[in-house]
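**Q**
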Amino acid sequence: MKKLFLTLNLVTVLAILNAGAKEWPKHLSDRIDSLVSLQHSEGQPGGVIAILSGEEVMLTKSYGLMDIEQNKPNDLNTTFDIASVAKQFTAFAIMLLEEEGKLELDKDIRVYLPKLPEYEYTITVRNLLQHTSGIASTDVLRLFAGLSFDELWNQQKEIELIGQYSHLNFKPNTSHVYSNSGYSLLAQIVEVASRMSFPDYLESKIFIPAGMKSAVVYSDPTLKLVNNSTGYKMVEGKAVKVSSTTDYSYGSSNIYMNLNDMICWGQNFISPKAGNAAMIKRILNPYNTLENGDSIFYTYGFNVRKYKGVKMVEHSGGVPGFRNQFMIFPDD
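Residue 316 in the numbering used here is what sits at position 328 of the sequence shown, and the numbering runs on without skipping anything.
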């Protein structure tokens, strides 16, 4: 594996690198500045970006402000909500527990979560990982139940809501439909299998071994985030602060970290300190099929696809006020 491309940002920041290039492009920094300038102006919210080749950090850059009112610029220590990029950490925790012999991917999820309803079909841990379970996403379920997204929300409410619905949208492994519910349930399975809280398991088994010092699961409103960026949305060309989060559920999102930690996580795909090389190989080379034989190129919290003919392993994330992207180009 030679090339990595990472971004972690407050608003959409885009940079593209030809992963097939044998040499790094000249004036790479200037080219990225030019791309970012298309979406960013002085005195506005911005973001941060890093590019790695193997374990070597080739470039880091920060743009714009983390707090407009205080005129505080973004830097490599600014923490951001990584939104759905968090799913890869949940999946990694599941893989670690499988390695430890504490769970099986093809077991019925009710073995681990017996309070879930008796569904018409068996749903496996693997189905949750692949978004092939048929369980509706919690954001849809909240709308269906008439629940406001402004109300205080936590993991207990998340799991209770999922448990109220035994109806599946489709028979497991017959379709692939993105569902946040699946990853919330995976976080619960991590807690059952490890006998630890999900935040503690990620900290001890992933964050600390990988050298990630700022990463935290934001599961508690009393938790103080250090050097955290304010979220903004653009309204008629002006940056408007997004109100503070009221959602403290986890598994599908709600991990905060800075760019330095995301770099450590990227380097873990080259020289694993958390997990092992066999796990990394499985993530980068998934092969899963639906019941009808169609291939699924989503598993372990990543999409695997082609970008301009080059293999790309990636996941994006977005919540009000934050957008981010994590990409790996594993081929030479």
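For each residue, glycine too, the CB sits at the ideal point set by N, CA and C.
1) Using DSSP with H/G/I as helix, E/B as strand and the rest coil, what is Phe195?
2) Does DSSP classify Ala227 as helix, strand or coil?
3) Whose C-alpha, out of His164, Gly52 and Arg114, is nearest the C-alpha of Lys95?
4) So for Gln144, helix, strand or coil by DSSP?
5) Three-state secondary structure (DSSP) at Val301?
6) Return helix, strand or coil for Tyr295, following the three-state DSSP convention.
7) On the CB-based measure, 16 or more other CB atoms within 10 Å of its CB, does Ile4 come out buried or exposed?
8) Does the separation of the CB atoms of Ser240 and Tyr171 fall below 8 Å?
9) From Ser185, Leu64 and Ala38, pick the residue whose C-alpha is nearest to that of Ala81; which is it?
10) How is the alpha helix (DSSP H) around Asp188 delimited, first residue to last?
11) Exposed or buried, which one is Ala227 when buried takes at least 16 other CB atoms within 10 Å?
12) Per DSSP, which residues does Thr67 bridge with? Please list them.
13) Does the beta-carbon of Ser169 have 16 or more other beta-carbons within 10 angstroms, so that it is buried, or is it exposed?
14) Distance check for Glu43 and Val180, CA to CA, integer angstroms please.
15) Less than 8 Å between the CB atoms is what I'm expecting for Met245 and Thr67, so what's the real figure, rounded?
16) Would DSSP call Met200 helix, strand or coil?
17) What's the C-alpha gap between Thr218 and Thr126?
18) To the nearest angstrom, how far is it from the Cα of Phe195 to the Cα of Ala203?
19) Leaving out five residues on either side along the sequence, give the residues of the same chain with a beta carbon under 6 Å from the beta carbon of Asn6.
20) With DSSP run on the structure shown, which of helix, strand or coil describes Ser323?
21) Measure the CB-CB distance between Leu64 and Asn248 and report whether it falls below 8 Å.
22) Rounded to the nearest angstrom, what separates Tyr166 and Lys75 at their Cα positions?
23) Quick check on the DSSP output: the alpha helix (DSSP H) that includes Val128 runs from which residue to which?
24) Would you kindly report the start and end of the unbroken beta strand (DSSP E) that includes Ile321?
25) Helix, strand or coil for Arg311, going by three-state DSSP, please let me know.
26) Where Asn216 and Glu92 are concerned, what is the direct C-alpha to C-alpha distance, given to the nearest angstrom?
**A** Judging by the given coordinates:
1) helix
2) Reduced to three states, the DSSP call for Ala227 is strand.
3) Arg114
4) helix
5) In the structure shown, Val301 adopts extended strand secondary structure according to DSSP, grouped into three states.
6) Secondary structure at Tyr295: strand, using DSSP grouped into helix, strand and coil.
7) Only weak support exists for where Ile4 lies, its pLDDT of 33 falling under 50; the coordinates are left without a value.
8) yes
9) Ser185
10) Boundaries of the alpha helix (DSSP H) around Asp188: Phe186 to Leu190.
11) buried
12) Asn216 and Asn246
13) buried
14) Taking the straight line from one Cα to the other gives about 34 Å.
15) Confirmed, Cβ separation roughly 6 Å.
16) coil
17) Rounded to whole angstroms, Thr218 to Thr126 spans 25 Å at the Cα level.
18) 7 Å
19) Residue placement at Asn6 is flagged as unreliable, the pLDDT there being 35, under the threshold of 50; the coordinate-derived value follows with that caveat. Correct list: empty, nothing qualifies.
20) The structure shown does not extend to residue 323, since the chain spans only -11 to 320, so no value can be given for it.
21) yes
22) 12 Å
23) First-last of the alpha helix (DSSP H) with Val128: Thr126 to Phe132.
24) Outside the modelled stretch of the chain, which goes from -11 to 320, sits residue 321, for which no answer is possible.
25) strand
26) 37 Å
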